[in-house]
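Heads up: the structure comes next, in structure tokens.
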Amino acid sequence: MSHENSITDIQPFLLEEAQQFRLAFKAAEHIIVVAGAGLSAASATPDAFAANPSLVWQFYHYRRTKALMAQPNAAHRTLAKLSIPLYLKKVAPNAKSSHLITQNVDGLSTAALQSLSDTTMPKTSILEMHGRLFDVQWDRSASLCAALATADESIQNYQEAGTKEITISLSMLPRCAKCGALARPGVVWFGEKPHHLDEINSLVFKADMVLVIGTSSTVRPASTFAYRVRRRGGKVAIFNLEPSGEDERADFVFTGGCEMVLPALFPELT
1 MSHENSITDI
11 QPFLLEEAQQ
21 FRLAFKAAEH
31 IIVVAGAGLS
41 AASATPDAFA
51 ANPSLVWQFY
61 HYRRTKALMA
71 QPNAAHRTLA
81 KLSIPLYLKK
91 VAPNAKSSHL
101 ITQNVDGLST
111 AALQSLSDTT
121 MPKTSILEMH
131 GRLFDVQWDR
141 SASLCAALAT
151 ADESIQNYQE
161 AGTKEITISL
171 SMLPRCAKCG
181 ALARPGVVWF
191 GEKPHHLDEI
201 NSLVFKADMV
211 LVIGTSSTVR
221 PASTFAYRVR
231 RRGGKVAIFN
241 LEPSGEDERA
251 DFVFTGGCEM
261 VLPALFPELT
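Right, here's the structure in full:
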């Protein structure tokens, strides 16, 4: 069977490293993938929302608009297949578990997984530790609600929100239909506790292989995951556009666009 990508597509000086990575991945039993935030990094604070909820909502509606225009790329699809045992066994026959932990809030990883599998196919859930752009959170409690798939109609007119300041009255911003509390975007801001942290810590404790993808590893607690896996004897692979300060602590380092490198490393999944 021919593949669109192959391991030989890796730059020649990285070919031996790619082969060694493949052997380590094949032997792994508990795999975690930590996907970096990039432009989806937490960009606000609770204090900023309290000071100007109108501007914060406009900014996040702008991000929602951009996210709705985006499509999962080859890297999203490759990682999604690692969440499906049927595909995972092709590249990691000894694997007992594989989980994607993402700091991204754009929903593209989830979209990729949903596009690849039907409702009857076994798969592991994606842990979105920084929340999702399309959820909302009530200001007076910590519970999340997906009732609003997009911003209120009063906000949808401002396609360039975030580039100019437009004042929207509090009465026009999204609110809870039952209690009337002011809603905020359902994402984790600086200083707030990430979602699924207990489950993530359990997965990190068991992991013997971690792929760190598209992150500078500077935001805690995600920045500690690779160190904790390696401290227990696990393998660490870093994928980034540019070299990072964490590279010297990794077992494998791949520099370049993840949408090119990941499919080349796993041609069976393309």
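Going by UniProt numbering, the sequence shown opens with residue 1, and the numbers climb by one from there. A virtual CB, placed ideally from N, CA and C, is assigned to each residue, including glycine. Quantities reported herein were computed from a predicted structural model and do not represent experimental measurements.
Checklist line | Option in Glu246, Pro194, Leu133 with minimal Cα separation from Thr65 | finding: Position 65 of the sequence shown, counting from 1, holds the residue named residue 65. The residue with the shortest Cα to Cα distance from Thr65 is Leu133.
Item checked: Buried/exposed call for Pro263, threshold 16 Cβ in 10 Å -> Taking the first residue of the sequence shown as 1, we reach residue 263 at position 263. By the neighbour-count rule (16 or more Cβ atoms within 10 Å), Pro263 is buried.
Next item on the list: On a CA-only basis, which of Cys179, Ala95, Thr215, Gly186 is nearest Gly257? Give me that one, please.
Entry: Within the sequence shown, the letter at position 257 stands for residue 257. Comparing Cα-Cα distances from Gly257 to each of Cys179, Ala95, Thr215, Gly186, the minimum goes to Thr215.
Next item on the list: Could you give the DSSP three-state label for Pro267: helix, strand or coil?
Entry: Along the sequence shown, read from residue 1 onward, the residue named residue 267 stands at position 267. In the structure shown, Pro267 sits in a helix (DSSP, three-state: H, G or I).
Margin query: With distance defined between alpha-carbon atoms, name the residue in Ser202, Cys176, Glu29, Arg249 nearest to Met209.
Written below: Locating residue 209 in the sequence shown gives position 209, where the first residue counts as 1. Minimum Cα distance to Met209 is reached at Glu29.
Check: DSSP puts Pro185 in a beta bridge; with which residues?
Finding: Walking along the sequence shown from the start, residue 185 turns up at place 185. Paired residue(s): Val136.
Notebook entry, point to check: For the segment 40 to 105, which segments carrying the alpha helix (DSSP H) assignment without a break, of at least 4 residues, lie completely within its bounds, in sequence order?
Noted result: 46 to 51, 53 to 69, 74 to 81, 85 to 91
Check: Three-state secondary structure (DSSP) at Leu241?
Finding: Within the sequence shown, residue 241 is the residue found at index 241, counting from 1. Coil at Leu241, not helix or strand.
Note to self: Contact between the segment 224 to 241 and the segment 200 to 209 is defined here as three or more beta-carbon pairs at a separation below 8 Å; is this criterion met?
What the structure shows: yes
Checklist line | Beta-carbon proximity of Ala183 to Pro174, cut-off 7 Å | finding: Translated into positions along the sequence shown, residue 183 becomes position 183. Translated into positions along the sequence shown, residue 174 becomes position 174. In this structure, Pro174 lies closer than 7 Å to Ala183 by Cβ.
Checklist line | Beta carbon of Gly186 nearer than 7 Å to that of Asp135 | finding: One-based indexing of the sequence shown puts residue 186 at position 186. One-based indexing of the sequence shown puts residue 135 at position 135. Cβ distance < 7 Å, so Gly186 and Asp135 count as in contact.
Item checked: C-alpha gap between Ile126 and Val56, whole angstroms -> For this step, residue 126 is matched to residue 126 along the sequence shown. For this step, residue 56 is matched to residue 56 along the sequence shown. Ile126 and Val56: Cα-Cα distance of roughly 26 Å.
Notebook entry, point to check: Going straight from the alpha carbon of Asn94 to that of Ile32, what length do you get?
Noted result: Locating residue 94 in the sequence shown gives position 94, where the first residue counts as 1. Locating residue 32 in the sequence shown gives position 32, where the first residue counts as 1. Straight-line Cα distance between these residues: approximately 14 Å.
Check: Terminal residues of the continuous beta strand (DSSP E) containing Ala35?
Finding: The residue labelled residue 35 in the question sits at position 35 within the sequence shown. Counting along the chain, the beta strand (DSSP E) containing Ala35 begins and ends at 30 to 35.
Next item on the list: Would you mind reading off the limits of the beta strand (DSSP E) that contains Arg254?
Entry: Start at 1 with the first residue of the sequence shown, and residue 254 comes out as number 254. According to the sequence provided, residue 254 is Phe. The question's Arg does not apply to it. That run of the beta strand (DSSP E) goes 252 to 255.
Checklist line | Ile213, enclosing beta strand (DSSP E) - first and last residue | finding: Taking the sequence shown and counting its residues from 1, one reaches residue 213 at position 213. 209 to 213 is the extent of the beta strand (DSSP E) around Ile213.
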